[in-house]
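Here the structure comes first, spelled out in structure tokens, and everything after it is commentary.
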């Protein structure tokens with residue numbers, strides 16, 4: 103019974119909305135219940151049409167039942183501020199039954215205190231009978247949480263026949279929490295985009311399909327010298343040198359007509375025109391968007407003058423390096439022969455000096471009639487021996503130059519090391535050097551030129567001794583080690599605690615490079631050639647914490663007689 | 003200075019060492035050879051003129067370092083350098099440090115023998131000087147303290163009378179001291195005695 107009367111009352115409220123001219127009790131289409139017009143509007147349309155239908159079918163429509171089904175929160179407030187009706191959605195959401203909404207404007211307590219003032223302002227200003235106002239406010243849920251709602255407040259005048267016209271306020275609230283969140287996310291993302299565009303160091307310029315500038319970011323000032331405002335509405339060609347304008351216009355037209363891209367849209371190098379008339383290289387990337395059937399092109403334009411300059415400098419530097427390398431190669435070819443000659447002279451000098459001295463001695467003995475056969479024979483024997491020695495040196499140097507195969511015999515590396523250490527013996531004592539030799543037992547025999555290997559080892563050991571001659575603050579240690587390395591080759595290492603190689607590293611193997619005051623710069627260069635002639639490798643690495651390590655490998659298998 | 007001159011050869015190449023020994027031997031000089039500076043230093047130098055034929059490039063201690071080492075040890079033996087390939091800075095350094103000659107291998111035998119002869123003469127002269135000085139010192143040491151005192155004053159230009167006054171003795175006594183000192187010093191004249199005393203005082207005092 104109660105329900106029924108309310109329903110009819112509500113039907114009146116819905117049907118009798120004042121629409122100005124139609125105040126004769128005719129049912130007119132009311133303003134939509136909700137701001138978005140969707141659900142509520144459709145609902146009321148339905149209600150209206152069903153009302154008409156109901157009239158036809160003379161069956162009363164249960165409007166209240168209908169309102170109960172819609173998801174929006176609906177409250178109907180009487181002129182005294184007390185709620186006359188609240189739908190189930192409202193009661194469920196707020197957790198307050200209708201009975202609690204009896205006091206004047208007591209339903210206001212549902213509105214978030216911070217939103218109330220705005221709500222009251224928005225919902226009273228401009229509110230006239232038959233009109234609606236829209237506002238937004240947070241409403242308190244039963245669990246105390248607030249959610250954003252879009253609220254439409256409608257002032258309805260009901261003129262039930264036989265009664266005084268009365269005013270009712272219809273409040274319909276639609277949950278817009280999610281939309282709010284989306285909106286805020288969208289606003290954030292827009293802000294972010296704007297920030298990116300505005301802080302970009304590249305100019306960002308948008309043009310429409312007639313190549314007129316619609317937007318320019320602040321970096322445009324830095325790149326082209328124009329303030330963004332100066333460019334809006336101007337043709338894009340203003341930023342191009344004369345020779346590019348026609349090309350651009352033709353290309354742009356062709357693209358709009360055919361949709362075919364003729365240039366690369368990502369990172370094309372073009373020429374830009376600064377406001378001051380200077381042309382400069384730019385790199386342009388652009389993309390296309392369609393808005394309301396019109397194409398909008400947005401380009402990123404980067405000033406690449408500096409990059410171009412750097413590239414140019416690098417090109418020149420590379421050219422200079424190439425020239426220097428060619429020159430170095432030429433010079434070293436020239437000097438190799440000269441230095442080799444000096445090296446030969448040095449090697450051959452010793453036996454030659456001895457031959458000279460002995461020959462002169464013989465001549466003097468003969469001139470003095472001092473003819474002791476023993477003395478003369480011994481001198482002549484030495485002359486022959488030194489002559490042989492000199493020619494052997496020359497033969498070896500010739501072999502070295504020709505890279506001819508060396509004279510290889512089966513030999514024990516440890517034995518060779520022992521011989522060399524004996525030769526260098528007094529060098530250790532004189533220089534107060536502590537020798538540590540760690541020779542691996544049972545190394546496989548190698549095929550090699552004993553003398554050459556001795557020369558290399560002696561050279562490395564003497565270098566080590568020399569490198570330590572100035573060392574006073576630490577022990578002068580020379581390690582000589584032999585072992586089999588990971589690849590199965592015999593490895594010989596000479597390690598010192600001397601002054602080290604510094605930054606020179608591999609340069610020590612370059613002919614004529616020397617770190618010694620009186621060095622020729624040939625020793626290590628020749629040593630490396632000799633070791634390579636044995637199929638091995640000679641390397642220099644820094645020793646830790648001081649000194650250098652010279653190591654060479656000799657293959658075990660390669661040199662074995664087949 | 004009694005012994006015959008000796009030439010020391012230091013070269014680490016046995017062939018060169020042996021040939022040098024033979025060559026220098028042909029002019030009748032006594033030669034001793036060493037393979038390193040160290041072995042040479044172990045030999046006590048003879049009381050005779052001697053010189054050193056030294057290879058610049060020795061293993062271990064180089065020839066130039068060895069020259070410095072000798073100077074530090076006050077061994078004033080003249081050095082003839084020989085080298086496989088000498089350069090100008092090296093030569094200048096060696097000569098400034100008192101080398102007699104700097105020869106590049108292979109050298110003319112006469113050049114080496116001339117250099118050895120000059121070196122030995124220089125050493126001989128030095129030995130003579132040193133010997134004379136030693137003799138003088140010995141003679142001076144044989145004077146009584148009073149005689150030494152008297153001639154020191156006389157050489158500085160004081161008259162006998164002044165010396166007597168200063169020493170608080172008679173002029174005749176001074177005369178006796180003087181003549182005895184002259185005799186002991188083997189000085190033929192007072193001028194010679196002055197030269198002898200100057201020599202004894204040494205170069206540093208003379209300069210001042």
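Residue numbers (the numbering used here), protein chains in the order written: chain C, 103 to 664; chain X, 3 to 210. Think of the CB as a built atom: it goes at the ideal place given N, C-alpha and C, for glycine as much as any other residue.
Please report the residue range of the beta strand (DSSP E) in which residue i lies.
i	result
residue 401 of chain C	396-405
residue 338 of chain C	Taken as a continuous stretch (DSSP letters only), residue 338 of chain C belongs to no beta strand (DSSP E), as it is neither H nor E.
residue 373 of chain C	370-375
residue 149 of chain X	No beta strand (DSSP E) holds residue 149 of chain X; the alpha helix (DSSP H) holding it covers 147-157.
residue 651 of chain C	650-656
residue 57 of chain X	52-57
residue 382 of chain C	381-393
residue 511 of chain C	511-513
residue 534 of chain C	Element bounds for residue 534 of chain C: n/a, residue is neither H nor E.
Buried or exposed: which applies to residue i, given that a residue is buried once 16 or more other Cβ atoms fall within 10 Å of its Cβ?
i	result
residue 562 of chain C	buried
residue 227 of chain C	exposed
residue 488 of chain C	buried
residue 189 of chain C	buried
residue 367 of chain C	exposed
residue 73 of chain C	For residue 73 of chain C there is no data in the structure shown, the boundaries of chain C being 103 and 664.
residue 223 of chain C	exposed
residue 295 of chain C	exposed
residue 270 of chain C	buried
residue 244 of chain C	exposed
residue 173 of chain C	exposed
residue 221 of chain C	buried
residue 394 of chain C	exposed
residue 531 of chain C	exposed
residue 472 of chain C	exposed
residue 155 of chain X	buried
Alpha carbon to alpha carbon, what distance is there between residue j and residue i?
i	j	result
residue 92 of chain X	residue 527 of chain C	27 Å
residue 180 of chain C	residue 285 of chain C	35 Å
residue 152 of chain X	residue 576 of chain C	60 Å
residue 244 of chain X	residue 177 of chain X	For residue 244 of chain X there is no data in the structure shown, the boundaries of chain X being 3 and 210.
residue 147 of chain X	residue 135 of chain X	20 Å
residue 658 of chain C	residue 14 of chain X	35 Å
residue 117 of chain C	residue 330 of chain C	Because residue 117 of chain C sits at a pLDDT of 38, beneath the cut-off of 50, its placement in the model cannot be relied upon, and the point is left open.
residue 27 of chain X	residue 138 of chain X	36 Å
residue 281 of chain C	residue 409 of chain C	47 Å
residue 595 of chain C	residue 643 of chain C	11 Å
residue 540 of chain C	residue 581 of chain C	8 Å
residue 179 of chain X	residue 6 of chain X	41 Å
residue 216 of chain C	residue 206 of chain C	20 Å
residue 67 of chain X	residue 560 of chain C	21 Å
residue 129 of chain C	residue 165 of chain C	In this predicted model, residue 129 of chain C has a pLDDT of only 38, less than 50, meaning its place in the structure is not dependable enough to derive any value.
Compute the distance between the beta-carbons of residue i and residue j, then report whether it is under 8 Å.
i	j	result
residue 381 of chain C	residue 406 of chain C	no
residue 496 of chain C	residue 461 of chain C	no
residue 175 of chain C	residue 191 of chain C	yes
residue 558 of chain C	residue 597 of chain C	no
residue 592 of chain C	residue 490 of chain C	no
residue 212 of chain C	residue 242 of chain C	yes
residue 293 of chain C	residue 328 of chain C	no
residue 308 of chain C	residue 400 of chain C	yes
residue 590 of chain C	residue 649 of chain C	no
residue 102 of chain X	residue 81 of chain X	yes
residue 55 of chain X	residue 11 of chain X	yes
With residue i as the anchor, note down where its alpha helix (DSSP H) starts and where it stops.
i	result
residue 362 of chain C	Careful: residue 362 of chain C lies outside any alpha helix (DSSP H) and carries neither H nor E.
residue 128 of chain X	111-143
residue 598 of chain C	Taken as a continuous stretch (DSSP letters only), residue 598 of chain C belongs to no alpha helix (DSSP H), being part of the beta strand (DSSP E) at 592-598.
residue 294 of chain C	279-301
residue 556 of chain C	552-570
residue 221 of chain C	215-226
residue 70 of chain X	65-74
So is the beta-carbon of residue i under 7 Å away from any non-hydrogen atom of the ligand COA?
i	result
residue 117 of chain X	Here there are no bound small molecules, and the ligand COA is not part of this structure.
Comparing the C-beta of residue i with each C-beta of chain A, is any distance below 8 Å?
i	result
residue 537 of chain C	Absent from the structure: chain A. Protein chains present are C and X.
Does the contact criterion of 3 or more C-beta pairs under 8 Å hold for the segment 110-128 of chain X versus the segment 49-63 of chain X?
yes
Mind the definition here: the segment 6-20 of chain X touches the segment 627-645 of chain C only if three or more C-beta pairs lie below 8 Å; say whether that holds.
no
Pairs of beta-carbons, one from the segment 270-286 of chain C and one from the segment 296-308 of chain C, closer than 8 Å: are there three or more?
no
State whether the segment 255-267 of chain C contacts the segment 212-232 of chain C, with contact taken as three or more CB pairs (one from each stretch) at a distance under 8 Å.
yes
Report yes or no: do three or more beta-carbon pairs, one from the segment 517-534 of chain C and one from the segment 476-484 of chain C, lie closer than 8 Å?
no
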